[in-house]
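Q:
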Amino acid sequence: MVIIILINILIILSVSLPKLVDFDWRVDTKTSSDCVARMSVPTCILNLQIEPRALQVNQTPQAETVNVELSKETLDTMLDGLGKIRDQLASVANR
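With mature numbering (1 follows the signal peptide of the UniProt record, and there is no 0) applied, the sequence shown corresponds to residues -18 to -1, 1 to 77, in that order.
#1: Suppose contacts are defined by Cβ-Cβ distances below 8 Å. Is Leu52 in contact with Thr25 by that definition?
#2: Give the single residue among Ile(-16), Ile(-14), Leu2 and Ile(-12) whose Cα lies nearest to the Cα of Gln44.
#3: By alpha-carbon positions, which one of Lys54, Ile(-14), Val50 and Asn49 ends up nearest to Val23?
#4: Taking Cβ to Cβ, would you say Ile67 is nearer than 8 Å to Val48?
#5: So residue 116 and Val9 are in contact, right, with Cβ under 8 Å, and what is the actual spacing, rounded?
#6: My assumption, with CB atoms under 8 Å, is that Ser73 sits in contact with Arg35. Please give the rounded CB distance.
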């Protein structure tokens, strides 16, 4: 019993990030028109299933859905940042 209480306290005090459980993506095209021109802009739609950290040992948190819409420029910036993170993790793992 004491061990379970200690484990619960450690879980509550632990620093952790939510866990990505699943994701889905698609590319949509936004269209708009006016008298002068017609515009077609692709956007990336991400649907992320995120599981928050558990607050108790025997608890499985309910997954939450986060929807994100990214322009091409924002997606390029995000992919560049993720590539840098990948490279940094690879250099640490190879030490």
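Ideal Cβ placement from N, Cα and C applies to all residues, glycine included.
A: The structure says:
#1: Here the question's residue 52 lines up with position 70 in the sequence shown. Here the question's residue 25 lines up with position 43 in the sequence shown. The beta carbons of Leu52 and Thr25 sit closer together than 8 Å.
#2: One-based indexing of the sequence shown puts residue 44 at position 62. Gln44 has its Cα closest to that of Leu2, out of Ile(-16), Ile(-14), Leu2 and Ile(-12).
#3: Taking the first residue of the sequence shown as 1, we reach residue 23 at position 41. With distances taken between Cα atoms, Val23 lies closest to Lys54.
#4: The count along the sequence shown starts at 1 and reaches residue 67 at position 85. The count along the sequence shown starts at 1 and reaches residue 48 at position 66. No. Outside cutoff.
#5: Because residue 116 is not part of the residues shown, which for the chain are -18 to 77, the question remains open.
#6: By 1-based counting over the sequence shown, the position of residue 73 is 91. By 1-based counting over the sequence shown, the position of residue 35 is 53. Between Ser73 and Arg35, the beta carbon gap of about 28 Å keeps them out of contact (Cβ cut-off 8 Å).
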